[in-house]
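Structure first, then comments.
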Amino acid sequence: MRSMTVEMSPEIDDALNMISCARGISKGEAMLRAFALLKLAYDEKQKGDGSSLGLVRRLPDNTLQAIGVVTGI
1 MRSMTVEMSP EIDDALNMIS CARGISKGEA MLRAFALLKL AYDEKQKGDG SSLGLVRRLP
61 DNTLQAIGVV TGI
C-alpha cells in the first residue's frame with residue numbers, strides 16, 4: 001500500500017479525531033473513507049447524465065426524501 005504525508009488545518013485535524021473516535025476507527029481509516037466518498041462523488045459527476053452525490057432522509061414509511069446535494073467536490 002502506498003503512503004503519503006498530509007498537512008491539514010487544526011480544525012480539520014480536530015474533526016478527523018472526533019469522527020475517528022466516534023466511529024471507533026483510526027484516523028487513517030477515516031481518511032480512507034473520506035477519499036472513497038470523494039471518488040464516488042467524482043465518478044457520479046463524470047457520468048455526465050446529471051447524476052450527483054446527495055443526502056437523503058429515511059422517512060417512517062421507509063421511503064427516502066432528498067434533502068441536499070453535495071457540491072464543491
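Numbering (UniProt numbering), first residue to last: 1 to 73.
Cβ atoms here follow ideal geometry from the backbone N, Cα and C, with glycine treated the same way.
(request) Measure the Cβ-Cβ separation of Leu37 and Leu55 and say whether it is below 9 Å. (result) Your numbering for residue 37 matches position 37 in the sequence shown. Your numbering for residue 55 matches position 55 in the sequence shown. No, the Cβ-Cβ distance between Leu37 and Leu55 is not below 9 Å.
(message) Just to check my reading of the structure: Leu16 and Met31 have Cβ atoms closer than 8 Å, yes? What is that Cβ distance to the nearest angstrom?
(response) For the purposes of this step, residue 16 is taken as the residue at position 16 of the sequence shown. For the purposes of this step, residue 31 is taken as the residue at position 31 of the sequence shown. The pair is a contact, with the Cβ atoms about 7 Å apart (cut-off 8 Å).
(message) Could you pull the DSSP bridge partners for Gly68 from this structure?
(response) On the sequence shown, residue 68 is found 68 positions in, with the first residue counted as 1. DSSP output for Gly68 lists Leu55 as bridge partner(s).
(message) If you reduce the DSSP assignment to three classes, tell me which class Ile19 lands in.
(response) Taking the sequence shown and counting its residues from 1, the one referred to as residue 19 is at position 19. In the structure shown, Ile19 sits in a helix (DSSP, three-state: H, G or I).
(message) Beta-carbon within less than 7 Å of residue 74's beta-carbon, same chain only, minus the 5 sequence neighbours each way: which residues are those?
(response) Coverage of the chain is limited to positions 1 through 73, which leaves residue 74 absent and any answer about it impossible.
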